[in-house]
Amino acid sequence: MLASSALVAGGIGFFSFKTDDRFFEIARNLDIYATLFKELNLYYVDEVNPNRMVKTSIDAMLKALDPYTNFFAEDEIEDYMTMTTGRYNGIGALIGQRQGKSIVLMVYEGTPAEKSGLQIGDEVVKVDGVDLKARKDADPGKLLKGQNNTAVKLTVRRYGQKDPVELSVIRDVVKMTNVPYYGMVSDDVGYIDLKDFTATASREVRTAFQELKGKGMKKLILDVRENPGGLLNMAIDISNIFIPKDSEVVTTKGKVTEWNKTYTAMNPPLDLEMPIVVLTNSHSASAAEIVSGVIQDYDRGVLVGQRTYGKGLVQTTRELSFNTKLKITTAKYYIPSGRCIQAIDYSHRNPDGSVGKIPDSLKTAFKTKAGRVVYDGGGVLPDVVVEAQTPSPVALSLTNKGLIFDYAVKYRHEHASIKPAREFHLTDAEYSEFAKWLGDKEYDYTTQVEKDLGTLEASAKKEKYFDQIQDQLKSLKTKMSHSKDADLNTFKLELKTLLEQEIAGHYYLQKGLKEASFSTDPEMKAALDLFKDMPRYGTILKGK
Numbered sequence: 001m002l003a004s005s006a007l008v009a010g011g012i013g014f015f016s017f018k019t020d021d022r023f024f025e026i027a028r029n030l031d032i033y034a035t036l037f038k039e040l041n042l043y044y045v046d047e048v049n050p051n052r053m054v055k056t057s058i059d060a061m062l063k064a065l066d067p068y069t070n071f072f073a074e075d076e077i078e079d080y081m082t083m084t085t086g087r088y089n090g091i092g093a094l095i096g097q098r099q100g101k102s103i104v105l106m107v108y109e110g111t112p113a114e115k116s117g118l119q120i121g122d123e124v125v126k127v128d129g130v131d132l133k134a135r136k137d138a139d140p141g142k143l144l145k146g147q148n149n150t151a152v153k154l155t156v157r158r159y160g161q162k163d164p165v166e167l168s169v170i171r172d173v174v175k176m177t178n179v180p181y182y183g184m185v186s187d188d189v190g191y192i193d194l195k196d197f198t199a200t201a202s203r204e205v206r207t208a209f210q211e212l213k214g215k216g217m218k219k220l221i222l223d224v225r226e227n228p229g230g231l232l233n234m235a236i237d238i239s240n241i242f243i244p245k246d247s248e249v250v251t252t253k254g255k256v257t258e259w260n261k262t263y264t265a266m267n268p269p270l271d272l273e274m275p276i277v278v279l280t281n282s283h284s285a286s287a288a289e290i291v292s293g294v295i296q297d298y299d300r301g302v303l304v305g306q307r308t309y310g311k312g313l314v315q316t317t318r319e320l321s322f323n324t325k326l327k328i329t330t331a332k333y334y335i336p337s338g339r340c341i342q343a344i345d346y347s348h349r350n351p352d353g354s355v356g357k358i359p360d361s362l363k364t365a366f367k368t369k370a371g372r373v374v375y376d377g378g379g380v381l382p383d384v385v386v387e388a389q390t391p392s393p394v395a396l397s398l399t400n401k402g403l404i405f406d407y408a409v410k411y412r413h414e415h416a417s418i419k420p421a422r423e424f425h426l427t428d429a430e431y432s433e434f435a436k437w438l439g440d441k442e443y444d445y446t447t448q449v450e451k452d453l454g455t456l457e458a459s460a461k462k463e464k465y466f467d468q469i470q471d472q473l474k475s476l477k478t479k480m481s482h483s484k485d486a487d488l489n490t491f492k493l494e495l496k497t498l499l500e501q502e503i504a505g506h507y508y509l510q511k512g513l514k515e516a517s518f519s520t521d522p523e524m525k526a527a528l529d530l531f532k533d534m535p536r537y538g539t540i541l542k543g544k
């Protein structure tokens, strides 16, 4: 007994020493930082901005941890609140920079911007008399925000009009919806596009689900592609719609043991039987992965698409001094099968954000409720994998240069109306007009084959083989050199589809963009094909 007491006492003494030593190191380094900052402020050749300097140093420190631990300065709190609530005081338009111009990229339905007549493609020249070109530091997004029921005056240049257009827009609370679109995609299949997890996400999904059920929905496609996640409680509530009350949804585990918790479904579900397909891709993250994983772990539906992002970390917001905040990673979350979907290495990803192939040796097997084998190590792998579509070089160039967008602006000006988005298609003659319009536009690009030939030539020169194969290389380069006109014909279907979707968006806003994509969306097609083959759907859920 005495020996045990001595061991415990020794342990306490060692812990005290280590804790004191750690606090001394923290205090010492903070003192170094403060004296360094003082010297910079006093003696650096130019004036320094203390707020910017400290923000830069904090961001650099947090970058050494993980990508999701972030500091919000006082002037960023409004953006933080918008991110978590989906609400802000403004006009409801997305403004982007294009070749030094502030261009309206989207007008949201039912907002002051739409009611005032602001159009996609308008160039915002002035905001309340502030010339955006003269004031390079002016942020149009911040200038458009303000108190409710106050007017903001916009001067815009509109395609096809010689004189600027003056608009007065009355600011209001703008709510960015979590479900920008829902509707019936066939006689008995409903579709819900879930794009975020702010404070009203669960209510929006429930409303959409009940309305669609009232319209005859007997099967559901839930789309969480491009959904970056959000509030944990919204993921729990949305999962609860499809699984029994008291079912485990997610468990969090971190360093602070009192924060470790298992969250369960708190309410009666809306439906336990309806067949569900969840669409995922490499940008479905965090809360979107919880919902996807819960549906898969309880064999409640089939996942279709690509592996999800792999963010299984929980963030908690801590209040700091002077109205600043710290969003800090405090735990990992585990879905009902017991797996953590956090990517093993979140610092190295593919260009599209995906985690790529994970070696089998690094994966651990888990089982769904029905006994299907699923794995951890990086996101949620769908039951039906649909290869991600790779855009052609010409499509990427036209999109990045804004030429698809610009032609849609032109088309909108020249055509008072079009058919409903689902029915709208360009004729071959109209596509030819687009190709002709591109004749004097700059949009050159390098194909992958041309890049590979360049790499081969460089390697041949390095390894002294170039003289032997230079004639063959020259011949290959001539044959494989791309022709814009030829590519416009080769990739006509892809380019025509992009153009139709963009044009539909200019007439019917977000809903138009979505509905115009239905006929060519590969994941949507795979989901509808699966619903036409219910025996296959059942076989997948049984793991056979």
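If you read the sequence shown in the UniProt record's numbering, its first letter stands for residue 1, the second for the next number, and so on. Glycine included, C-beta positions come from ideal geometry on N, C-alpha and C.
Could you check how far apart the C-beta atoms of residue i and residue j are, in whole angstroms? I think they sit under 8 Å.
| i | j | result |
| --- | --- | --- |
| Arg206 | Gly305 | About 24 Å separates the two Cβ atoms, so there is no contact after all. |
| Ala208 | Gly86 | Between Gly86 and Ala208 the Cβ distance is about 16 Å, and since that is not below 8 Å, they are no contact. |
| Val189 | Leu528 | 7 Å |
| Glu319 | Lys327 | With 8 Å as the limit, Glu319 and Lys327 do not qualify as a contact, their Cβ atoms being about 11 Å apart. |
| Ser392 | Glu494 | 6 Å |
| Gln501 | Pro180 | Contact flag wrong, Cβ pair sits at about 14 Å. |
| Lys441 | Leu403 | 6 Å |
| residue 559 | Val104 | This structure does not reach residue 559, given that the chain is present from 1 up to 544, and the question cannot be answered. |
Let's test the definition: count the other Cβ atoms within 10 Å of the Cβ of residue i and tell me whether it reaches 16, buried, or not, exposed.
| i | result |
| --- | --- |
| Leu530 | buried |
| Asn149 | exposed |
| Tyr182 | buried |
| Lys544 | exposed |
| Pro140 | buried |
| Asn227 | buried |
| Pro67 | exposed |
| Ser72 | In the sequence under discussion, the amino acid at residue 72 is Phe, which differs from the Ser named in the question. Classification of Phe72: buried, given that the 10 Å Cβ count is 16 or more. |
| Arg339 | buried |
| Ala516 | buried |
| Asp193 | buried |
| Pro522 | exposed |
| Gly11 | Note that Gly11 has pLDDT 41, beneath the 50 cutoff, so the model's placement of it is unreliable and the number below is only indicative. Its Cβ having fewer than 16 others within 10 Å, Gly11 is exposed. |
| Leu220 | buried |
| Thr111 | buried |
For residue i, report the span of its beta strand (DSSP E) as first-last.
| i | result |
| --- | --- |
| Asn70 | 70 to 72 |
| Phe197 | Phe197 -> no beta strand (DSSP E), and no H or E assigned at all. |
| Leu132 | Taken as a continuous stretch (DSSP letters only), Leu132 belongs to no beta strand (DSSP E), as it is neither H nor E. |
| Ser168 | 165 to 170 |
| Phe366 | 365 to 367 |
| Ile276 | 276 to 280 |
Find out if the Cβ-Cβ distance for the pair residue i, residue j is shorter than 8 Å.
| i | j | result |
| --- | --- | --- |
| Leu303 | Asp383 | yes |
| Glu114 | Gly92 | yes |
| Val394 | Tyr431 | no |
| Tyr309 | His283 | yes |
| Leu279 | Asp223 | yes |
| Thr330 | Gly254 | yes |
| Val165 | Arg158 | yes |
| Val124 | Leu154 | yes |
| Lys367 | Tyr298 | no |
| Leu143 | Asp128 | yes |
| Ile236 | Val249 | yes |
| Glu204 | Asn178 | yes |
| Lys145 | Gly96 | no |
| Thr251 | Tyr333 | yes |
Please list the terminal residues of the continuous alpha helix (DSSP H) segment that includes residue i.
| i | result |
| --- | --- |
| Asp188 | No alpha helix (DSSP H) holds Asp188; DSSP gives it neither H nor E. |
| Val294 | 287 to 297 |
| Arg412 | 403 to 414 |
| Ser397 | 393 to 400 |
| Thr539 | 534 to 542 |
| Lys525 | 522 to 531 |
| Glu500 | 492 to 517 |
| Lys327 | Run containing Lys327: none in the alpha helix (DSSP H); it sits in the beta strand (DSSP E), 325 to 334. |
| Lys145 | Run containing Lys145: none; DSSP gives neither H nor E here. |
Problem - Runs of beta strand (DSSP E) wholly within the segment 46 to 114 (minimum 3 residues, chain order) - result: Within the segment 46 to 114, the complete beta strand (DSSP E) runs of at least 3 residues are 70 to 72, 87 to 90, 93 to 98, 101 to 107.
Exercise for the section: May I have a chain-ordered list of the beta strand (DSSP E) segments no shorter than 3 residues that lie completely inside the segment 212 to 257? Expected result: Those beta strand (DSSP E) runs which fall completely within the segment 212 to 257 and span 3+ residues are 219 to 223, 248 to 254.
Handout entry: Complete alpha helix (DSSP H) runs within the segment 431 to 480 (minimum length 4 residues, chain order)
Key = For the alpha helix (DSSP H) assignment, the uninterrupted runs of no fewer than 4 residues enclosed by the segment 431 to 480 are, from N- to C-terminal side, 448 to 462, 466 to 480.
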